[in-house]
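Numbering (the working numbering), first residue to last: 1463 to 1939.
Ideal Cβ placement from N, Cα and C applies to all residues, glycine included.
All figures in this text were calculated on a predicted structure; none of them were measured in a lab.
One structure below.
See the structure below:
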């Protein structure tokens, strides 16, 4: 496909009207999602996993299918979206979703509880668990699987939870909407950084006006940030800001932001080698060694400052990293498509009932991730344009991490991959961003593997209908 291969045309009267219709449909669908979030009267069971009323689940499925259709229509537009339409639509979408109840990801409730453990109960979230406070009225809103686990995130995320708890006190809904406001503000900042990168990147060829809507009007970003207040958007902002700084020649600032993101969520460490390879290509081995030292020093300093208010946290943090449930536990309903294929193949052969099958599953996924990383760095080293290669390497590494190494793939984990794919800008990456968005939106109701099969069947059917039309039967006589 080469829909974005040429510079976009200036918006005509017809195209501006078409963009307004697309934007209006997006706002209406987001508003309907926000209204539907209040149809369930029990807040503790108001999420996709615990709906007893299938009519409500089918309503959401219809709305999300509509959102996916609108997003695909955005992708197929060749001309530039008027700036006013882009901004007004985005603001309207986040405004209506801010008014809704968090339905997709329930993580915001244990963010709030972490802040309460630290700020109200004066306990260390790395040492205490939510289950240690059984009489707390917020318990019912936290998913059971997380109640007996210590904090999952870095100290920077816990500092954010502490600050919001200090502002909102024991008012749960004030706390939740503060998280939603923070996530929405972070999304707006992310769009600003993305816009600046798309405008200044030579590979963009003036196409920023057609690419930015793939982020600003992305239903997964809108739903997970303004709707569910998921903190993954902070990781997107920090990594895009690091790439922006590196593009401007500020490698120290870029590495500082990258290390800061590690102390927010640990997985960001996988991107450091890509930046070092880029610096090695750009400035030589001495500069790369200097940057590696900067990373190490920044990691120690940030860790010392951020963990200082939480004494005794270092060992639990290290233990959590070495025994992460996201990389060791097997959750068949939340596996990525390649890992689901591996798991069910081993299950069908009977091997998953044995220790051999368990170790084989983990060995294969780690080996696949290792091979993918080697291939990605080899590709980056041989690429002609260092910054384009760095962007694409970060996107591919993130994709390999979430699809091959991590055994839990909720939709919001793909925010980073999708954002990087849009920033990369080349057609295969843009297409991947659209496909992953559609799969992620549908996976709220289906597993990722089933969503993939369904989308493939729909696309295959449409292709057959278009290319293999029945022959007309000539009229008799």
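- The beta carbon of residue 1642 sits closer than 7 angstroms to the beta carbons of 1560, 1688, 1691 from its chain, once the five residues preceding and following it are set aside; these are given in chain order.
- In the three-state DSSP reduction, residue 1631 falls in the coil class, being neither helix nor strand.
- DSSP places residue 1886 inside the alpha helix (DSSP H), whose first and last residues are 1877-1886.
- Residue environment for residue 1840: exposed (fewer than 16 other C-beta atoms within 10 angstroms of its C-beta).
- Shown here, residue 1544 sits in coil according to DSSP, grouped into three states, outside any helix or strand.
- In the three-state DSSP reduction, residue 1773 falls in the coil class, being neither helix nor strand.
- DSSP, reduced to helix, strand and coil, places residue 1746 outside both helices and strands of the structure shown, so it counts as coil.
- Of all alpha-carbon atoms in 1501, 1721, 1505, 1895, the one lying nearest the alpha-carbon of residue 1521 is that of 1501.
- For residue 1796, no alpha helix (DSSP H) encloses it, and the DSSP letter there is neither H nor E.
- In this structure, residue 1578 lies away from residue 1591, with their beta-carbon atoms at least 8 angstroms apart.
- By a beta-carbon distance limit of 8 angstroms, residue 1676 does not contact residue 1793. Their separation comes to about 29 angstroms.
- About 24 angstroms separates the CB atoms of residue 1882 and residue 1918; that is not less than 8 angstroms, and the two are not in contact.
- In the structure shown, residue 1588 falls within a coil segment according to DSSP collapsed to helix, strand and coil.
- The beta carbon of residue 1518 is closer than 8 angstroms to those of 1498, 1501, 1502 in its chain, skipping five residues each way along the sequence.
- When secondary structure is reduced to three states using DSSP, residue 1605 falls in the coil class, being assigned neither helix nor strand.
- Per DSSP, residue 1857 is one residue of the alpha helix (DSSP H) stretching across 1848-1862.
- Fully contained in the segment 1473-1531 is no beta strand (DSSP E) run of length 3 or more.
- Ranked by Cα distance from residue 1574, the options 1523, 1891, 1599, 1626 are led by 1626.
- Per DSSP, the continuous alpha helix (DSSP H) segment holding residue 1894 begins and ends at 1889-1904.
- With a cut-off of 8 angstroms on Cβ pairs, the segment 1893-1904 is not in contact with the segment 1693-1705, counting fewer than three such pairs.
- Closest by C-alpha distance to residue 1593, out of 1921, 1582, 1606, is 1606.
- Under the three-state reduction of DSSP output, residue 1726 falls in the coil class, being neither helix nor strand.
- Cβ-Cβ distances below 7 angstroms link residue 1715 to 1707 in the same chain, with the five nearest sequence neighbours on each side left out; the list follows chain order.
- Excluding sequence positions up to five before and after residue 1640, its CB lies within less than 7 angstroms of the CB of 1626, 1629, 1630, all in the same chain and listed in chain order.
- Spanning the alpha carbons of residue 1617 and residue 1697 requires a straight line of approximately 14 angstroms.
- Here residue 1694 is buried, its C-beta having at least 16 other C-beta atoms within 10 Å.
- Going by beta carbons, residue 1744 and residue 1848 fall inside the 8 angstroms limit.
- Here residue 1909 is buried: its Cβ has 16 or more other Cβ atoms, across all protein chains shown, within 10 Å.
- Exclusion of the five residues before and after residue 1529 leaves 1491, 1681 as the residues of its chain whose Cβ lies within less than 6 angstroms of its Cβ.
- With respect to residue 1913, residue 1904 sits close: the two C-beta atoms are nearer than 8 angstroms.
- Residue 1909 carries a coil assignment under DSSP once its states are collapsed to helix, strand and coil.
- Residue 1662 sits in a helix when the DSSP states are folded into three classes.
- In the three-state reduction of the DSSP assignment, residue 1576 falls in the helix class.
- Taking 8 angstroms as the cut-off, the beta carbon of residue 1870 is found no closer than this to the beta carbon of residue 1838.
- Non-local C-beta neighbours of residue 1925 in its own chain, meaning closer than 6 angstroms and more than five positions away in sequence, are absent.
- For residue 1708, the enclosing alpha helix (DSSP H) starts and ends at 1694-1709.
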